[in-house]
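Chemist: Read the sequence shown against our numbering and you will find it ends at 458, with the numbers running on by one and no gaps.
Beta carbons: idealized from backbone N, C-alpha and C, even for Gly.
Would you mind keeping the following structure in view while I ask a few things?
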Amino acid sequence: MVFNIAIVGSGPAGFYAADALLRSGIPVQVDMFDRLPVPFGLVRHGVAPDHQKLKSVTAVFEQIADHRNFSFVGNLDVGRDVRVSQLQAAYHGVVLATGAMSDRPLGILGEELSGSVSATELVGWYNGHPDFRDKSFDFSHPSAIVIGNGNVALDVCRVLAKSADELRRSDICEHALEALAASKITDIYVIGRRGPAQAKFTGKELREFGDLEEAQPFVDPAELQLDEASTAEIASSPSASKNLEILRGFAQRQETPAKRKRIHFRFLLAPSSIQGKGTVERVEFETLRLSGQAGSQTTSATGERVLIPAHLVVRSVGYRGTSISGVPFDERSATVLQQEGRVIDGHGNPVPGLYVAGWIKRGPSGIIGTNRACAIDTIDSLLADLKTTECDVRDISRELFFASLRGRSVKLIDFQGWRRIDALERANGAAKAKPREKLTRVAAMLKASEQSLA
């Protein structure tokens, strides 16, 4: 008997789950579904355009997709075009790996003003995600604020700070390149609620700010003074120690007048309101102090206020998962209810044949590779459950399911269709000396999927 498994989502968690299934030694057919015609999720639409090395993981995913027992089904929205319950009826197991494409709000006054945007929107826009292709952003004023102390915040800041020539060497989309080339932004503030010892940057990402063509980093040495608990945290964390070393190096640098852009790293500031008449004009912050033991410090307000002028505010304080119709969901954690990768109902009972992997399982944490162990853990649970599954007619159910899809107006894209899209994007990019020029509209993707590879 062949076990038919559906995976919903074609990002890293989905592909690592497929790989674990195909390597399991049991006879499986893996069908991967994505609502877009193109695969790879946040590797395509979330990784910064100037970080091409991180995107090279797609070569591994391509090899997985070449397995004879794997198929890709793009341009099918599970939850809208088909229900999860339909997949459950047609497959022995369904793995939800839909990621986290929403964002966490700041929850402060003025957040709804024009010019206050999420990193999700801005990153999706410059990376060519069809959902955000037609967004517009105001780069016509000198100051911008990025709220967050993680790598996504650094990505956004770096893209705003780079020159047009630096960006042209990436796979940033042409519409974004044109807008950023005309940007009047000269001062970018990267602001976090905690201190430098607690920042979630990685040293490699942070170090890049010392080598930008038009921008230079600034850090107030006073904000790098650590309390006793933070000193202990630094001593026990090589990554935090490296961050502090880099930041101290930035603080000691002499200003370079030839560089017209400035990046200001600020710490222990909490946004209290975004202010302006109809559009963002400034942000009010409250200064904070740390207290408590190393590893469990908390912040408290000092009562001091700081106003920073800006007409663009980008919140980068975390992604959120979104619920899927018919699937138990925890609104507080923005994840699917689960235990060891098995989806559970509100009473803690496993939902037969339904599993979850990646950010929608554990929340938006870790790097691309973190999803591999997460997916393997889920597939271990699924494989254990399959051992108790009796032979049934789901091989027929799968065929009937695909027959029902063929009778619909929606156009489905297989992996060969993706390769046609990929070939066109690479060719268009080569003409501009870029790695690729992405298609950013679904209609263009569908058209390209039909073109010959010759």
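(1) Let me make sure I understand the geometry here. Which of Ala226, Arg286, Ser408 has the alpha-carbon closest to that of Gly114?
(2) Runs of 3 residues minimum, wholly inside the segment 418-454: which ones carry the beta strand (DSSP E) assignment?
(3) Closer than 8 Å is the cut-off here; do at least three beta carbon pairs connect the segment 374-384 with the segment 45-53?
(4) Need the endpoints of the beta strand (DSSP E) that Ile192 sits in, please.
(5) With a floor of 3 residues, list each beta strand (DSSP E) that falls wholly inside the segment 145-194, ordered by position along the chain.
(6) Quick check: the Cα distance between Leu171 and Arg402, rounded to an integer number of angstroms?
(7) Out of Thr102, Leu158, Ile112, Ala101, point me to the one whose CA is closest to Ala123's CA.
(8) Reducing DSSP to helix, strand and coil, say where Ser329 ends up.
(9) Suppose contacts are defined by Cβ-Cβ distances below 7 Å. Is Ile364 in contact with Val340 by that definition?
(10) Grab me the residues of Arg72's own chain with a C-beta within less than 7 Å of its C-beta, minus the 5 sequence neighbours each way, in chain order.
(11) What would DSSP say about Phe289, mapped onto helix, strand or coil?
(12) Can you grab the Cα-Cα spacing for the pair Ser329 / Asp85, in whole Å?
(13) Using 8 Å for Cβ pairs, my map puts Ile149 next to Ala314. What's the rounded Cβ distance?
(14) Taking the beta carbon of Thr392 as the centre, do at least 16 other beta carbons fall within 10 Å, making it buried, or is it exposed?
(15) For Met36, which beta-bridge partners are listed by DSSP?
(16) Which residues in the same chain have their Cβ closer than 6 Å to the Cβ of Asp81, if we skip the five residues on either side of it in sequence?
(17) For Ala447, which residues in the same chain have their Cβ closer than 8 Å to its Cβ, ignoring the five residues on either side in sequence?
(18) Should Arg324 and Ala101 be called a contact, given that it needs their Cβ atoms to be closer than 7 Å?
(19) Residues in the same chain with beta-carbon distance under 7 Å from Gly299, minus the five sequence neighbours each way, listed in chain order, please.
(20) Here's a check: name, in chain order, each residue in its chain whose Cβ is nearer than 8 Å to the Cβ of Arg309, leaving out the five neighbours to either side.
(21) Could you tell me the distance, in whole angstroms, from the CA atom of Val321 to the CA atom of Val121?
(22) Would you kindly work out how many angstroms separate the C-alpha atoms of Ala361 and Ala10, rounded to a whole number?
(23) I'd like the span of the beta strand (DSSP E) that includes Ala219, first residue to last.
(24) Could you name each continuous alpha helix (DSSP H) segment of 4 residues or more that falls completely within the segment 64-139, going from the start of the chain to the end?
(25) For Thr283, count the other beta carbons within 10 Å of its own beta carbon; 16 or more makes it buried, fewer makes it exposed. Which is it?
(26) Whose C-beta lies closer than 8 Å to the C-beta of Pro332 among residues of the same chain, with five residues either side of it excluded?
(27) Looking only at DSSP bridge pairs, what is His268 linked to?
(28) On the DSSP letters alone, give me the boundaries of the beta strand (DSSP E) that Leu228 sits inside.
Modeler: Reading from the atomic positions:
(1) Arg286
(2) none
(3) no
(4) 191-195
(5) 147-151
(6) 45 Å
(7) Leu158
(8) coil
(9) yes
(10) none
(11) strand
(12) 12 Å
(13) 4 Å
(14) exposed
(15) Ile11, Phe76
(16) Arg39
(17) none
(18) no
(19) Glu237
(20) Ser276, Glu288, Phe289, Glu290, Thr291
(21) 12 Å
(22) 13 Å
(23) 219-223
(24) 88-94, 123-130
(25) exposed
(26) Val340, Leu341, Val347, Ile348, Asp349, Gly350, Val355
(27) Tyr193, Phe222
(28) Note, Leu228: premise wrong, no beta strand (DSSP E); not H, not E.
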